[in-house]
Amino acid sequence: MTGVIARRLLGSLGAIFGASIIAFVIMRVLPGNPARLILGPLAPPSTVHSLYRQLGLDRPIYVQYWRYITQFFQGQWGYSYSDGAPVRTLIGERLPATIELALFAFLITMLASIVLALLVTYRRRPIADRIVRAIAYIGFGTPPFFVSLILLIVFFSTLKILPGPEGRLGAQVTPPATVTHLYTIDALIAGEPGKFLEAVEHLVLPGVALGMANFAFLVRLLRANLLEVSREPFITVVRGKGLRRWTAFRRHALPNASLPTLTAGGLVLGEFLAGSVLVEKVFNWPGVGSLVYEAILKQDFSIVQTFILLSAVMFVLVNLGVDLLYAVIDPRVRVRSVVTA
Amino acid sequence: MGALSVLERMRGLREDRGAPAGVRAPQAATDDADGPFALSVRNLRTVYELGHATVQAVREVSFDLRPTERLGVVGESGSGKSALALSILGLIEPPGRVGGGEVLLNGRNIVGLSERQLSSIRGREIALILQDPMSALDPVKTIGAQLHEAIAVHNPQLRRSALRRRAAELLREVDIPQAERRLDDYPHQYSGGMRQRVAIAMAIANNPSVLIADEPTTALDVTTQAQVLGLLDRLVDEHRAAVILITHNLGIVSEFCDSVSVMYAGRLVESSSCEHIFLGATHPYSEALLRCVPNPERLAEGPLPAIPGFPPDLSALPGGCTFAPRCSVGRELAVCHEQTPVPELVEGPSGSAIVECHFARERAARGSR
Ligand SMILES: Nc1ncnc2c1ncn2[C@@H]1O[C@H](COP(=O)(O)OP(=O)(O)O)[C@@H](O)[C@H]1O
Ligand SMILES: [Mg+2]
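Chains A and B, in that order, give the protein sequences.
Take 0 as the starting number for the first sequence in numbering that gives the first Met the number 0 and just add one per residue.
Take 0 as the starting number for the second sequence in numbering that gives the first Met the number 0 and just add one per residue.
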């Protein structure tokens, strides 16, 4: 067990190191002097130079990297070039919106793909199968911002059944009392079902837009996986023992198919948490994605840099969690690790 | 194939059993359908409907199995043996389906029963053992859990402690050492031979009257093969089950079975006692199969003969006898290519047989080889 964990941790550290190099290098290869960017075009050269030294930009590159990475993990993410606020505060304010959207998108994506995959594999509906494959195909090939626009045109402009791009709540609605920063959950805690519905309504379209491509990926994966597992000889054996088809499916095919699903789910959640710049932008979602979008426009690279590394860390953490869960669920991994540990 | 010669194995032929039911004429069998048979299969037909073609995996197969009789079904791979086994159990999955016929299990036709009715029969009256011990057990469930399941599904009143006791008993019965402790192991912690023992334990858990074993030892090495077969032999006797043993190893048939049916292209082309087949098979295909068994006394004569050509495409069967294109007797004969032979009851020097061959009578009289 400890062997597996150690190996996974090492792999995760490698991934984070890679992302940190990318984030770091991006900053170095961009044209222009960061000190000048921070201070603006009117600041005198001497001030620019002293900030340059203060930022450590005159030190050797590995010193700069070390300083950057240690400060990142201490939570010192520097200051926004554009308004001088700490990057940590800026991202911290936006993170709950992104997390809420990510969790919601994750929930509906997983539910939809599991239900549809079950429908076409267990119920064996060839027509449903063809429809699911078509949806998956379209979802896979369509960029999220385009899906966002279509959804808005259909459900907001035309049908008028869901709110438009106005963020997490309608303009007149005040957020529920803060506990978790997630409006849906806070509304429930505060006992305000109206606000809960309002929050969910606002989550639907961006959630679907965000989830579409991954839904396409997941439903295909689950379908193939369930088909494969349900053709395994042990399913025939189990039915030969006298289990009904559904019982055999539920007790033996689903648990075996759940392992790859878990991995895929981890990838998807990691991706959602990393945020979608374009979907958030289209829906005016006040999350990290919009923050980064604005930061890119303003050349506010300290935010972009932090975002890259932070996304990588979240992605890796989620998948590390999945790997550990995997080791707990799958006896083959569990036992092998006991043997090798 | 085992290394022993067929002749050598024949000396060990089981002699203590009555005339195998397989040789009865189909009409006679229909008459006493609720009679002494554990299993009667009548005109069973199974097809796989693939968009572009229809594979006829089992073509109007009929046979009978007495209580405690052991029938060997042999044939090249692709001849429909597994499809026959699954059809009997009602476990054919789309794109396949049973297209007709009857399966009389202890006198009751089970073709067309609902999944609920079938599931109460499977495992209790008729059980299944599959070939591959690697994939026949669920890798994420303990051996104990899988044994519990086999018992509990037909004994819902049993409590956990009783299930566990019974599961340990079963493991002991199939000679797994430290049974109690090994219940909590997972399949990958068992060797191939041990897994096959577990599969046998699950199959006999509810004392079925018929056991279908689809190549139960094919994936095992020779030593393990012999042990597993010995175990099966003992348990089948103890539990008084009739067995259909599917195999392509004629050595195993001669050791284990009372009667044998040779399957070719979805049909049983020769059914008889083991004595008849091994002393003088009537059908040219059975004869050819026997010639492919290694014989130590003749190894010096050169490589083993193989049956020339390939089995026919089951989705585009030729007219006439399906074996004709490969047959040493009928390859050139018009009658074999034009007319489909009907099953014929023939008498040979060592018993009767049902054979589908235009030359069955002459060949049987001659005693073949
Ligand atoms: N799931 C399936 N789909 C399509 N064809 C199948 C399927 N299973 C078996 N068949 C066909 O049925 C025929 C008999 O197969 P099988 O019963 O497995 O033969 P055996 O067990 O004698 O090797 C073969 O031609 C095979 O191609
Ligand atoms: Mg087979």
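All C-beta atoms, glycine included, are put in the ideal place defined by N, C-alpha and C.
Heavy atom of ligand 2 within 8 Å of residue i beta-carbon
i	result
D131 (chain B)	no
E372 (chain B)	One cannot answer for residue 372 (chain B) here, as it falls past the ends of chain B, which runs 0 to 368.
E214 (chain B)	yes
Distance cut-off 8 Å: residue i Cβ against heavy atoms of ligand 4
i	result
I245 (chain B)	In terms of ligand content, the structure shown lacks ligand 4 and carries ligand 1 and ligand 2 instead.
Residue environment, residue i, which counts as buried when at least 16 other CB atoms sit within 10 Å
i	result
G122 (chain B)	buried
A28 (chain B)	Caution applies to A28 (chain B), whose pLDDT of 42 falls short of 50 and renders its modelled position unreliable; the value that the coordinates give is listed next. A28 (chain B) is buried by the Cβ-count criterion.
L79 (chain A)	The displayed chain sequence assigns Ser, not Leu, to residue 79 (chain A). The residue in question, S79 (chain A), is buried, as its Cβ has 16 or more Cβ neighbours within 10 Å.
D376 (chain B)	Lying outside 0 to 368, the shown extent of chain B, residue 376 (chain B) is not represented and no answer is given.
W65 (chain A)	exposed
S113 (chain B)	exposed
V5 (chain B)	Note that V5 (chain B) has pLDDT 41, beneath the 50 cutoff, so the model's placement of it is unreliable and the number below is only indicative. Buried: at least 16 other Cβ atoms inside 10 Å.
Q26 (chain B)	Low per-residue confidence applies at Q26 (chain B): pLDDT is 41, beneath 50, and the placement is therefore not dependable enough to give any value.
G39 (chain A)	exposed
G21 (chain B)	Confidence at G21 (chain B) is low in this model, with a pLDDT of 47, below 50, so its placement is unreliable and the value that follows should be read with caution. When all chains shown are included, G21 (chain B) counts as buried.
H51 (chain B)	exposed
T216 (chain B)	buried
I353 (chain A)	Shown here, chain A extends from 0 to 340; a query on residue 353 (chain A) therefore has no answer.
F145 (chain A)	exposed
F103 (chain A)	buried
R23 (chain B)	Only weak support is given to the placement of R23 (chain B): the predicted model assigns it a pLDDT of 45, under 50, and the value that follows is read from those uncertain coordinates. Per the 10 Å Cβ criterion, buried.
S310 (chain A)	buried
G1 (chain B)	Bear in mind that the predicted position of G1 (chain B) carries a pLDDT of just 40, short of 50, making it too unreliable to give a figure here.
V327 (chain A)	exposed
Y136 (chain A)	exposed
Q304 (chain A)	buried
S160 (chain B)	exposed
G11 (chain B)	Legend: pLDDT at G11 (chain B) = 42, less than 50; position of this residue unreliable, no value from coordinates given.
I152 (chain A)	exposed
T183 (chain A)	buried
P340 (chain B)	buried
E355 (chain B)	buried
K159 (chain A)	exposed
E361 (chain B)	exposed
P43 (chain A)	exposed
L110 (chain A)	exposed
L196 (chain A)	exposed
A5 (chain A)	exposed
T222 (chain B)	exposed
N248 (chain B)	buried
P143 (chain A)	buried
A135 (chain B)	buried
A333 (chain B)	exposed
E346 (chain B)	exposed
Residue i at chain E interface by Cβ criterion, 9 Å
i	result
M201 (chain B)	The displayed structure is made up of protein chains A and B, and chain E is not among them.
- Message: If you measure from each CB to the nearest heavy atom of ligand 1 and keep those under 5 Å, what residues do you get, in chain order?
- Response: Cβ atoms closer than 5 Å to ligand 1 belong to B:Y47, B:V54, B:A56, B:S76, B:G77, B:S78, B:G79, B:K80, B:S81, B:A82 and B:L313.
- Query: Looking at chain A, which residues of the segment 131-144 of chain B have a Cβ within less than 8 Å of any of its Cβ atoms?
  - Reply: Taking 8 Å as the Cβ-Cβ cut-off against chain A, the residues of the segment 131-144 of chain B that qualify are D131, S134, A135, L136, D137, P138, V139, K140 and T141.
- What residues in the segment 122-154 of chain A bring their beta carbon closer than 8 Å to a beta carbon of chain B? Listed by position, the residues of the segment 122-154 of chain A near chain B (Cβ gap below 8 Å) are R123.
- Item | Three or more C-beta pairs below 8 Å linking the segment 234-243 of chain B and the segment 315-331 of chain B | The segment 234-243 of chain B is not in contact with the segment 315-331 of chain B.
- Report yes or no: do three or more beta-carbon pairs, one from the segment 229-242 of chain A and one from the segment 78-98 of chain B, lie closer than 8 Å? By the criterion of at least three beta-carbon pairs nearer than 8 Å, the segment 229-242 of chain A is in contact with the segment 78-98 of chain B.
- Task: Spell out a yes or no on whether the segment 290-301 of chain A and the segment 240-247 of chain A are touching, meaning 3 or more CB-CB pairs, one atom from each, closer than 8 Å.
- Result: Not touching, per the Cβ criterion.
- Segment contact, 8 Å Cβ cut-off, at least three pairs: the segment 210-219 of chain A with the segment 161-169 of chain A: In short, these stretches do not touch, since the Cβ pair count stays below three.
- If we count Cβ pairs, one from each stretch, closer than 8 Å, do we get three or more for the segment 254-269 of chain B versus the segment 67-87 of chain B? Contact holds: three or more Cβ-Cβ distances are below 8 Å.
- Query: For the 8 Å Cβ check, are there 3 or more pairs between the segment 223-230 of chain A and the segment 178-194 of chain B?
  - Reply: Short answer: they don't touch.
- Message: Using a Cβ distance threshold of 8 Å, determine whether the segment 216-230 of chain B contacts the segment 35-50 of chain B, with at least three qualifying pairs required.
- Response: Touching, no, given that fewer than three Cβ pairs across the two stretches are closer than 8 Å.
- Counting Cβ pairs closer than 8 Å, one from the segment 164-184 of chain A and one from the segment 107-127 of chain A, do we hit at least three? Counting Cβ pairs under 8 Å, fewer than three are found: no touch.
- Task: Anything in the segment 225-254 of chain B with a Cβ closer than 7 Å to a Cβ of chain A? List those residues in chain order, please.
- Result: Identification of residues in the segment 225-254 of chain B having a C-beta nearer than 7 Å to some C-beta of chain A yields an empty set.
- Task: Say whether the segment 59-68 of chain B touches the segment 264-280 of chain B, bearing in mind that this needs 3 or more beta-carbon pairs closer than 8 Å, one atom from each stretch.
- Result: Touching, yes, given that three or more Cβ pairs across the two stretches are closer than 8 Å.
- Message: Taking beta-carbon pairs under 7 Å, can you tell me which members of the segment 80-114 of chain B lie near chain A?
- Response: Against chain A - using a Cβ distance shorter than 7 Å - the residues of the segment 80-114 of chain B are L88, L90, P93 and E114.
- Residues from the segment 116-130 of chain B in contact with chain A, defined by Cβ distance under 9 Å: Within the segment 116-130 of chain B, the residues whose Cβ lies closer than 9 Å to any Cβ of chain A are, in chain order, L117, S118, S119, I120, R121, G122, R123, I125, A126, L127, I128, L129 and Q130.
- Task: Check whether the segment 82-94 of chain A touches the segment 187-204 of chain A, taking contact to mean three or more Cβ pairs, one atom from each stretch, closer than 8 Å.
- Result: Counting Cβ pairs under 8 Å, fewer than three are found: no touch.
- Task: Can you give me, in chain order, the residues of the segment 282-299 of chain A that have a beta carbon less than 9 Å from any beta carbon in chain B?
- Result: Correct list: empty, as no residue qualifies.
- Of the residues that make up the segment 311-330 of chain A, which ones have a beta carbon closer than 8 Å to any beta carbon in chain B? Near chain B, meaning a CB-to-CB distance below 8 Å, the residues of the segment 311-330 of chain A are I328, D329 and P330.
- Message: Closer than 8 Å is the cut-off here; do at least three beta carbon pairs connect the segment 137-152 of chain B with the segment 251-259 of chain A?
- Response: Three or more Cβ pairs closer than 8 Å define a contact, and the segment 137-152 of chain B meets that threshold against the segment 251-259 of chain A.
- Would you be able to state if there are at least three C-beta pairs under 8 Å between the segment 156-176 of chain B and the segment 205-216 of chain B? The segment 156-176 of chain B and the segment 205-216 of chain B do not touch, with fewer than three beta-carbon pairs separated by less than 8 Å.
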